[in-house]
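Heads up: the sequence shown is residues 4 to 141, going by the numbering used here.
For glycine and all other residues, C-beta sits at the position ideal for the given N, C-alpha and C.
All values derive from a computational prediction rather than experimental measurement.
The structure under discussion appears below in the form of structure tokens.
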Amino acid sequence: MHRDSYYTGPAPIERIIAALSYVNCLVGLVWLIIAALMKRGIRPFLQFHIYQSIFIAFALFIISAGLNLVMKIINFIPIINNIVSIITFYLNTPIILGYSVVNFLIYIVLIYLAIGALMGRYSYFPWVSDIIKGNIRG
């Protein structure tokens, strides 16, 4: 019998790499590069989590850059400028353990996804997980 016929779930190293890819998406990216150089395939579980972490990191970067651009444009509008700067101040002021509300919410989501990966589950994040599942072969 072939060893893969008794596949019971992701290996511990796959779970660890999947969880670490949410901490820093470069971990998953390096793992993909190593697998490509060694000409070895990556199982769908690890592939899903690595791609999802890269997608989320890229989305956060794009959203942050977009909001930064919008804020620079809003700075030129007199009345709206004050309202938006007050909202931005309260959302970005360190409140919980030195983190702002926005940072805290992002870290909660990333911790949820990492814990799901450590447990060997396909962590679900709305819209993103659907896109990733639809594009993974395996």
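Practice prompt. Quick one: grab the DSSP three-state call for Y93.
Written response: The count along the sequence shown starts at 1 and reaches residue 93 at position 90. Three-state DSSP puts Y93 in a helix.
Worksheet item: Taking the Cβ atom as the reference point for each residue, do G123 and P13 lie within a distance shorter than 8 Å?
Response: Here residue 123 corresponds to residue number 120 of the sequence shown, with the count starting at 1. Here residue 13 corresponds to residue number 10 of the sequence shown, with the count starting at 1. The answer is yes: Cβ separation under 8 Å.
Practice prompt. Determine the direct distance from the alpha carbon of I59 to that of I36, and round the result to whole angstroms.
Written response: Reading the sequence shown from its first residue, position 33 is the one you call residue 36. Reading the sequence shown from its first residue, position 56 is the one you call residue 59. Answer to the nearest angstrom: the Cα atoms are 19 Å apart.
Discussion item. Could you tell me the alpha carbon to alpha carbon distance between I135 and S67, rounded to whole angstroms?
Written reply: For this step, residue 135 is matched to residue 132 along the sequence shown. For this step, residue 67 is matched to residue 64 along the sequence shown. Computed Cα separation, rounded: 22 Å.
Discussion item. So, for I45: in the same chain, excluding its five sequence neighbours on each side, which residues have a beta-carbon less than 6 Å away from its beta-carbon?
Written reply: For the purposes of this step, residue 45 is taken as residue 42 along the sequence shown, with counting starting at 1. These residues qualify, in order along the chain: A38.
Worksheet item: Just reading off the alpha helix (DSSP H) that F128 is part of, what are its end residues?
Response: Walking along the sequence shown from the start, residue 128 turns up at place 125. Per DSSP, F128 belongs to no alpha helix (DSSP H) and is neither H nor E.
Worksheet item: Which class does I99 belong to by DSSP, given the choice of helix, strand or coil?
Response: Looking up residue 99 in the sequence shown gives position 96. Three-state result, I99: strand.
Worksheet item: From what residue to what residue does the alpha helix (DSSP H) around N106 run?
Response: Position 103 of the sequence shown, counted from the start, is the residue given in the question as residue 106. Its alpha helix (DSSP H) spans residues 104-121.
Discussion item. Does N84 come out as helix, strand or coil in the three-state DSSP assignment?
Written reply: The sequence position of residue 84 within the sequence shown is 81, counting from 1. It is helical.
Worksheet item: If you compare alpha carbons, which of L121, T11, A21, L94 is closest to Q55?
Response: Taking the sequence shown and counting its residues from 1, one reaches residue 55 at position 52. Q55 has its Cα closest to that of A21, out of L121, T11, A21, L94.
Practice prompt. Could you work out which residue in Y110, G101, V105, I89 is closest to N27 when comparing CA atoms only?
Written response: Taking the first residue of the sequence shown as position 1, residue 27 is located at position 24. If we check each option's Cα against that of N27, Y110 comes out closest.
Practice prompt. Give me the Cβ distance between G31 and I65, rounded to the nearest whole Å; I'm assuming they're in contact under 8 Å.
Written response: As a working note, residue 31 is residue 28 in the sequence shown. As a working note, residue 65 is residue 62 in the sequence shown. Between I65 and G31 the Cβ distance is about 18 Å, and since that is not below 8 Å, they are no contact.
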